[in-house]
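Colleague: Numbering (full-length UniProt numbering), first residue to last: 1 to 587. The structure that follows is given in the form of structure tokens.
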């Protein structure tokens with residue numbers, strides 16, 4: 001998709017809008033319709049963005065010659081453009097909803113093209129049974145919502161049954177990582193920079209020792225991994241903002257769905273260690289003020305808290321507050337659960353309802369026939385499965401996703417975990433802990449219970465890019481993340497850390513999981529429909545799959561029922577490609 005910006009804008013604004021697919025030609029209107037028409041004939045353009053009037057005949061010629069959908073996005077005094085927009089519609093130019101600013105016009109145009117191109121998944125025969133490939137927490141939650149809508153379910157998972165005590169390294173991200181998951185309205189952020197500066201979007205190009213997010217030496221990155229990093233680095237700030245709004249949209253959708261589920265089944269959540277309300281705490285005053293304003297802006301804030309009251313309400317933080325390591329906090333909507341117990345409760349429940357689980361059984365390939373058609377999957381047993389299928393591959397599917405748009409978009413980013421004792425319950429709410437500029441600058445600290453049933457604080461943090469191989473981890477760089485995690489524990493929870501060090505048991509709690517990330521920060525929703533089946537691939541949810549799982553469930557159920565859901569377009573596997581050059585269908 002290429003843009004033609006015809007109106008003059010300030011240099012600072014142009015810097016925010018600039019991409020490889022932008023043509024900035026504010027001179028063309030002054031030169032007259034003939035020059036603009038010639039430019040449109042010779043240059044592939046998908047969207048014209050303008051705050052000025054255009055010659056309607058130019059639009060008519062453009063739409064006729066393009067032989068593809070073309071779009072007009074106006075901003076500024078849009079009331080004065082009413083006649084132009086009407087003539088554009090008559091000329092078969094697609095009119096984007098008028099915007100107040102040029103940045104908003106770009107965002108609305110990209111969103112409109114995404115919806116037009118990806119919003120209709122097609123139709124399939126309605127079938128009740130769904131086979132879930134992957135029994136991680138997202139698929140389990142999606143299955144819960146499918147069951148509520150009358151579907152029957154079964155599961156296939158490449159890993160051992162997590163209830164049988166397998167070592168954490170043999171399990172997937174959900175069952176093998178820390179025993180903690182969190183919902184807030186700002187989970188699963190887009191991690192691209194929102195402003196122009198000389199060091200933007202660099203995270204994946206530096207190792208964790210350089211305060212970057214890479215745990216494999218740059219010399220070992222293959223071409224596909226470098227392309228993934230390039231895709232991340234090339235996302236402009238205006239598009240990152242648009243992606244982030246899509247992400248937060250599904251957090252907002254999930255919020256009442258979580259509330260309803262918790263109110264309907266309080267015993268399930270109580271038995272899974274439910275802790276309501278999240279406390280966000282900060283080590284930097286400016287970061288605190290900026291983040292607090294953001295939480296208020298997205299409707300997440302519950303209440304402010306003074307530093308004195310914070311020390312009273314969270315006794316475990318008193319030493320860090322006294323040392324000046326925590327300078328402020330704010331309570332926000334959200335909750336945490338002990339995810340391992342939550343998953344086991346759901347698995348037990350599904351089995352009692354008759355669902356079959358097949359553990360240690362791998363999906364080896366997707367069976368295709370014809371363009372954009374999947375007929376089923378093949379398993380490591382040689383068996384073929386058809387019908388309705390939901391695939392949540394995590395980071396482990398590899399070549400099994402050949403032929404899909406999802407295949408080369410999911411890379412691994414590890415996060416590390418440790419647990420500290422909290423027998424007195426000094427941590428009364430789960431935390432988000434921000435230490436700006438630290439190697440583990442964003443940490444979740446969850447109220448939990450260890451395997452012995454003792455109360456503890458579970459700390460999860462760190463970003464470590466593993467590329468397309470989740471096992472490609474430099475041990476020294478992993479150790480650097482562990483060291484950062486230990487420093488956070490020692491700095492913010494000194495008494496608990498000292499007790500673990502004295503007992504010599506701290507390292508026993510260290511572990512990591514590898515999360516599925518995309519370069520856009522968006523999740524993925526890719527569907528393949530035939531008259532007989534609907535196959536959906538979901539994943540790539542970065543740090544927010546659990547939080548968004550109810551909305552993902554709604555999107556899956558909608559696909560199975562031939563209904564539309566906003567996620568079908570917003571998380572479509574080809575959305576990022578809209579901004580790539582070339583794209584023959586649209587440019």
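All C-beta atoms in this analysis are idealised placements derived from N, C-alpha and C, irrespective of residue type, glycine included. Keep in mind it's a predicted model, so treat the numbers as computed, not measured.
Tell me where the alpha helix (DSSP H) around residue 264 begins and ends.
Modeller: Residues 237-264.
Colleague: Could you have a look at residue 373 and say whether DSSP puts it in helix, strand or coil?
Modeller: Residue 373 falls in the coil class under three-state DSSP.
Colleague: DSSP three-state call for residue 541: helix, strand or coil?
Modeller: Coil at residue 541, not helix or strand.
Colleague: Could you tell me which of 577, 525, 575 sits nearest to residue 564, measuring between CA atoms?
Modeller: The option with the nearest alpha carbon to residue 564 is 525.
Colleague: Let me check understanding here. Comparing Cα to Cα, which of 103, 310, 23 lies closest to residue 40?
Modeller: When only C-alpha atoms are compared, the closest one is 23.
Colleague: Does the contact criterion of 3 or more C-beta pairs under 8 Å hold for the segment 201-221 versus the segment 447-455?
Modeller: Because the criterion of three Cβ pairs below 8 Å is not met, the segment 201-221 and the segment 447-455 do not touch.
Colleague: Report yes or no: do the segment 243-263 and the segment 180-187 share at least 3 C-beta pairs separated by less than 8 Å?
Modeller: Contact between the segment 243-263 and the segment 180-187 is present, because at least three Cβ pairs lie under 8 Å.
Colleague: Could you name the residues of the same chain whose beta carbon sits closer than 8 Å to that of residue 118, not counting the 5 residues immediately before and after it, in chain order?
Modeller: If we look at residue 118 and ignore the five residues flanking it on each side, its Cβ neighbours are 568, 569, 572, 574, 575.
Colleague: Alpha carbon to alpha carbon, how far is residue 498 from residue 422? Give it in angstroms, no decimals.
Modeller: Their Cα atoms are separated by approximately 12 Å.
Colleague: Per the DSSP calculation, residue 396 is bridged to which residue(s)?
Modeller: None; residue 396 has no bridge partner.
Colleague: Just to confirm, are residue 588 and residue 434 a CB contact at a threshold of 9 Å?
Modeller: This structure does not reach residue 588, given that the chain is present from 1 up to 587, and the question cannot be answered.
Colleague: Please name the residue in 151, 512, 131 whose C-alpha comes closest to that of residue 387.
Modeller: Closest option to residue 387, Cα to Cα, is 131.
Colleague: From what residue to what residue does the alpha helix (DSSP H) around residue 40 run?
Modeller: Looking at the DSSP string, the run of the alpha helix (DSSP H) that includes residue 40 is 33-42.
Colleague: Would you give the residue range spanned by the alpha helix (DSSP H) that residue 413 belongs to?
Modeller: Where residue 413 is concerned, there is no enclosing alpha helix (DSSP H), although the beta strand (DSSP E) it sits in stretches over 411-421.
Colleague: Quick one: what's got a C-beta closer than 6 Å to residue 178's C-beta in the same chain, skipping five residues either side?
Modeller: Same-chain partners within the cutoff: 417, 458, 460.
Colleague: Does the segment 120-136 come close enough to the segment 148-158 that 3 or more CB-CB pairs lie under 8 Å?
Modeller: Judged by Cβ distances under 8 Å, the segment 148-158 makes contact with the segment 120-136, as three or more pairs qualify.
Colleague: Taking the DSSP output, what are the residues bridged to residue 432?
Modeller: DSSP lists 280, 444 as partners of residue 432.
Colleague: Where does residue 44 land, buried or exposed, given buried means 16+ other C-beta within 10 angstroms?
Modeller: It counts as buried.
Colleague: Which stretch, first to last residue, makes up the beta strand (DSSP E) that contains residue 72?
Modeller: Element bounds for residue 72: 71-74.
Colleague: Using the rule of at least 16 other Cβ atoms within 10 Å of the residue's Cβ for burial, across every protein chain shown, is residue 167 buried or exposed?
Modeller: Flag for residue 167 reads exposed.
Colleague: Quick check on the burial criterion: 16 or more other C-beta atoms within 10 angstroms. Buried or exposed for residue 126?
Modeller: Under this definition residue 126 is an exposed residue.
Colleague: Only counting runs of 4 or more residues, tell me where the alpha helix (DSSP H) segments fall wholly within the segment 507-584, in order along the chain.
Modeller: Qualifying alpha helix (DSSP H) stretches, in chain order: 545-560, 566-570.
Colleague: Could you please give the first and the last residue of the uninterrupted alpha helix (DSSP H) stretch that includes residue 147?
Modeller: Unbroken alpha helix (DSSP H) run through residue 147: 137-148.
Colleague: May I ask you to list the residues that DSSP assigns as paired with residue 449?
Modeller: Paired residues: 455.
Colleague: Residue 103 lies in the alpha helix (DSSP H); which residues open and close that run?
Modeller: Element bounds for residue 103: 102-118.
Colleague: Distance, Cα to Cα, residue 590 vs residue 124?
Modeller: Absent from the structure is residue 590, since the part of the chain shown begins at 1 and ends at 587.
Colleague: How many angstroms separate the CA atom of residue 528 from the CA atom of residue 378?
Modeller: Their Cα atoms are separated by approximately 16 Å.
Colleague: If you draw a straight line from the alpha carbon of residue 196 to that of residue 4, how long is it in whole angstroms?
Modeller: Roughly 21 Å between the two C-alpha positions.
Colleague: With H, G and I counted as helix, E and B as strand and the rest as coil, what does DSSP make of residue 465?
Modeller: If DSSP states are grouped into helix, strand and coil, residue 465 belongs with the strands.
Colleague: So does the segment 306-322 actually touch the segment 344-356, counting three or more Cβ pairs closer than 8 Å?
Modeller: No, the segment 306-322 is not in contact with the segment 344-356.
Colleague: Taking the beta strand (DSSP E) that residue 329 falls in, what are its first and last residues?
Modeller: Element bounds for residue 329: 328-337.
Colleague: Are the C-beta of residue 360 and some C-beta of chain B separated by less than 9 Å?
Modeller: In summary, chain B is missing from the structure at hand, where a single protein chain is found.
Colleague: Shorter than 8 Å, the distance from the beta carbon of residue 504 to the closest heavy atom of the ligand ZN, or not?
Modeller: Absent from the structure shown: the ligand ZN. Ligands present: none.
Colleague: Below 9 Å between beta carbons: does that hold for residue 363 and residue 99?
Modeller: No, the pair does not count as a contact, with Cβ atoms beyond the cut-off.
Colleague: For residue 160 and residue 443, what's the separation of their Cα atoms in angstroms?
Modeller: Cα to Cα, the separation comes out at about 29 Å.
Colleague: Locate the beta strand (DSSP E) running through residue 154, then write down its first and last residues.
Modeller: From DSSP, the beta strand (DSSP E) with residue 154 extends over 152-156.
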